[in-house]
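Presented below is the structure to which this report refers.
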Amino acid sequence: MVYLNNVEVTALIDSGSMVTTVSNSFYLSLSNKPVLRSLDSLGLEVTIVDGSLLSYLGYIECTILIPFVSDFKLGVPILVVPDTGSDLNCPVVIGTNVIRLCRDYMMDNPSANRVPDSWDIAIDSIKCKPLTVRSTNMHAVSVEPYETVTINGIARNVDAGISEVVTENLENSKQLTIYPRMATVDHQGSYSKIQVRLCNMSAKCVTIKPKSDMSYK
Numbered sequence: 128m129v130y131l132n133n134v135e136v137t138a139l140i141d142s143g144s145m146v147t148t149v150s151n152s153f154y155l156s157l158s159n160k161p162v163l164r165s166l167d168s169l170g171l172e173v174t175i176v177d178g179s180l181l182s183y184l185g186y187i188e189c190t191i192l193i194p195f196v197s198d199f200k201l202g203v204p205i206l207v208v209p210d211t212g213s214d215l216n217c218p219v220v221i222g223t224n225v226i227r228l229c230r231d232y233m234m235d236n237p238s239a240n241r242v243p244d245s246w247d248i249a250i251d252s253i254k255c256k257p258l259t260v261r262s263t264n265m266h267a268v269s270v271e272p273y274e275t276v277t278i279n280g281i282a283r284n285v286d287a288g289i290s291e292v293v294t295e296n297l298e299n300s301k302q303l304t305i306y307p308r309m310a311t312v313d314h315q316g317s318y319s320k321i322q323v324r325l326c327n328m329s330a331k332c333v334t335i336k337p338k339s340d341m342s343y344k
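Written out as structure tokens, the structure reads:
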């Protein structure tokens, strides 16, 4: 169970999903519904386990409260997806964008409440070495509200055997949201090129300074 905008709901903890989703019927049942925003102009493509594309209606911005970290509320974008048969009993799927933030919280707060087995398994399954990708832009880049940009970046000390990485937020405080997706690694000797797709989901223009650090996985 988790609390989505203070409403208790059953959730599936899925370390195989890079995004968190909520069924359309549950979204419509909320008395205080967040605004459903369109992602059509952003061209976001999310795949599921069998490789097919995940259909979605848009996204909402919500707070998620996890019972075993009750003093830690997460404000995250959540995809609203069409109803399926399994949505009746479990309308929310918690993806790695939330699991990773919970993992970081537990690492910073070792005296926190005991982690339930379902969460412990999910957290253990995503243990990895994060990379710091630095943007290569020589001039400031302005990202307008609800605009998406693709930034070229470089990372160092990337294992030569790694051909793809997952890009996603590692910090909930970032002004720009990183699209959770697989990105190709182009090895260039002492460094590797990685493209990061960023979205400004706020109502204010955000500036990416030259050679900014983008701390993602």
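To get the numbering used here, take the position in the sequence shown, counting from 1, and add 127. Virtual Cβ for every residue (Gly too), placed ideally from N, Cα, C. Note that this is a predicted model, so its numbers are computed, not measured.
Residues that residue i bridges to, as DSSP identifies them
i	result
Lys200	Leu192
Tyr186	Arg164, Leu206
Asn224	Answer is none; Asn224 lacks a bridge partner.
Met309	Val293
Tyr154	The partner list for Tyr154 (beta bridge, DSSP) is empty, contrary to what the question assumes.
Val149	Val207, Val219
Thr304	Cys326
Leu139	Val220
Expected contact under 8 Å - CB spacing of residue i and residue j to nearest Å
i	j	result
Val268	Ile335	4 Å
Lys320	Ile281	6 Å
Val149	Ile205	5 Å
Pro209	Leu184	7 Å
Val129	Ile193	6 Å
Residue environment, residue i, which counts as buried when at least 16 other CB atoms sit within 10 Å
i	result
Cys326	buried
Ala287	exposed
Ser300	Residue confidence is low: Ser300 scores 49 on pLDDT, short of 50, so the model does not pin down where it sits. Its coordinate-derived value is still stated next. Per the 10 Å Cβ criterion, exposed.
Ile248	exposed
Pro307	buried
Leu215	exposed
Cβ-Cβ distance between residue i and residue j below 7 Å
i	j	result
Ile305	Ser142	no
Lys217	Glu271	Correcting the residue identity first, residue 217 is Cys in this sequence and not Lys. It is not a contact, given that the beta carbons lie outside the stated cut-off.
Asn132	Thr190	yes
Val219	Ala138	yes
Tyr154	Val207	yes
Thr147	Asn224	yes
Val323	Met309	no
Continuous beta strand (DSSP E) assignments of at least 3 residues falling wholly in the stretch 234 to 289:
As far as the stretch 234 to 289 is concerned, its whole beta strand (DSSP E) runs of at least 3 residues are 258 to 262, 268 to 270, 275 to 283.
Ignoring anything shorter than 3 residues or poking outside the stretch 316 to 341, list the beta strand (DSSP E) runs there in chain order.
Counting only runs of 3+ residues, the beta strand (DSSP E) found wholly inside the stretch 316 to 341 occupies 318 to 326, 333 to 335, in chain order.
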